[in-house]
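K.L.:
If you read the sequence shown in my numbering, its first letter stands for residue 23, the second for the next number, and so on.
All residues carry an ideal CB built from backbone N, CA and C; glycine is no exception.
Would you mind keeping the following structure in view while I ask a few things?
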Amino acid sequence: MKNKMLSSLFIMLLVILAFCKPIKPEGEGITGKVTWLEGNQMPMIVEDGEKPEVNPQGVPVQRTLIIYPLTNLADAKVEGTLFQSISGEPITTVTTDEEGRYLLELAPGRYSIFTREEDGLFANIFDGDGNIQPVTVKKGEWTLLDIVINYKAVF
Numbered sequence: 023m024k025n026k027m028l029s030s031l032f033i034m035l036l037v038i039l040a041f042c043k044p045i046k047p048e049g050e051g052i053t054g055k056v057t058w059l060e061g062n063q064m065p066m067i068v069e070d071g072e073k074p075e076v077n078p079q080g081v082p083v084q085r086t087l088i089i090y091p092l093t094n095l096a097d098a099k100v101e102g103t104l105f106q107s108i109s110g111e112p113i114t115t116v117t118t119d120e121e122g123r124y125l126l127e128l129a130p131g132r133y134s135i136f137t138r139e140e141d142g143l144f145a146n147i148f149d150g151d152g153n154i155q156p157v158t159v160k161k162g163e164w165t166l167l168d169i170v171i172n173y174k175a176v177f
């Protein structure tokens, strides 16, 4: 009898917790995770049951993110896979933690996000209008933006 009651209470607690919303910080901005991906990401034939050393999800990495007003390709200089210069001034920067996570409060608006790399700035997402790594922040909402730095990966 006692076990049934404890089991019922435990199940009720699980049901209640399942419907709880995660705690979100107040305000608005962007949050996410930055990962590094490099090397051969092509499908491979495996011999002798050995798995190739490929991690398609990448590994978390610490980086500085540079936030610009929404920037178009016409307003940036690209050499190879990295941007060398961006017209305009950055709004702010944020450094990810060792697990690649970041949280940055931003006013509602549209922005372009770049990572600082040794030889330039990286961004690899574009919209149909040629805007670089566009992200929209809405009032009272946090926008999830996970970034995969993959300019040294082969697909």
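Find the nearest neighbour of Ile89 within the set Glu101, Gly110 and Gly80, judged by alpha-carbon distance.
P.N.:
In the sequence shown, the residue the question calls residue 89 occupies position 67. Looking at the Cα atoms, Gly110 is the closest of the given residues.
K.L.:
On the CB-based measure, 16 or more other CB atoms within 10 Å of its CB, does Phe136 come out buried or exposed?
P.N.:
Locating residue 136 in the sequence shown gives position 114, where the first residue counts as 1. By the 10 Å Cβ count, Phe136 comes out buried.
K.L.:
Among all the DSSP beta bridges, which residues are the ones paired with Leu125?
P.N.:
Numbered from its first residue, the sequence shown carries residue 125 at position 103. BP columns for Leu125 point to Thr53.
K.L.:
What do you get for Ala182, buried or exposed, if any count of 16 or more other CB atoms within 10 angstroms of its CB means buried?
P.N.:
Limits of the chain in this structure are 23 at one end and 177 at the other, which puts residue 182 out of reach.
K.L.:
Let's test the definition: count the other Cβ atoms within 10 Å of the Cβ of Thr118 and tell me whether it reaches 16, buried, or not, exposed.
P.N.:
Looking up residue 118 in the sequence shown gives position 96. Buried, because 16 or more other Cβ atoms sit within 10 Å of the Cβ of Thr118.
K.L.:
Whether or not the segment 156-172 and the segment 46-57 are in contact is what I'm after, with contact meaning three or more pairs of Cβ atoms, one per stretch, closer than 8 Å; do they touch?
P.N.:
Counting Cβ pairs under 8 Å, three or more are found: they touch.
K.L.:
When we look at the beta-carbon of Ala129 and count the other beta-carbons within 10 Å, is it buried (16 or more) or exposed?
P.N.:
For the purposes of this step, residue 129 is identified with residue 107 of the sequence shown, where counting begins at 1. Flag for Ala129 reads exposed.
K.L.:
Rounded to the nearest angstrom, what separates Tyr173 and Lys161 at their Cα positions?
P.N.:
By one-based count along the sequence shown, residue 173 stands at place 151. By one-based count along the sequence shown, residue 161 stands at place 139. When rounded, the distance between both Cα atoms is 33 Å.
K.L.:
Spatial neighbours of Asn94 within its chain, please: C-beta separation below 8 Å, excluding the five flanking residues on both sides.
P.N.:
Locating residue 94 in the sequence shown gives position 72, counting from the first residue. Asp151, Gly152, Asn153 and Ile154, listed in sequence order.
K.L.:
Please classify Phe105 as buried or exposed, where buried requires at least 16 neighbouring CB atoms within 10 angstroms.
P.N.:
The residue you call residue 105 lines up with position 83 of the sequence shown. Label assigned to Phe105: buried.
K.L.:
Considering only C-alpha positions, which residue in the set Arg138, Glu121, Gly142 and Tyr133 is nearest to Gly80?
P.N.:
Here residue 80 refers to the residue found at position 58 of the sequence shown. Per the Cα distances, Glu121.
K.L.:
Quick one: which unbroken beta strand (DSSP E) runs of 3-plus residues sit fully inside the segment 87-171? Chain order, please.
P.N.:
Correct list: 98-101, 104-108, 114-117, 123-127, 131-139, 142-144, 156-159 and 164-166.
K.L.:
Do you know how far the Cα of Ile171 is from the Cα of Arg85?
P.N.:
Walking along the sequence shown from the start, residue 85 turns up at place 63. Walking along the sequence shown from the start, residue 171 turns up at place 149. Roughly 10 Å separates the two Cα atoms.
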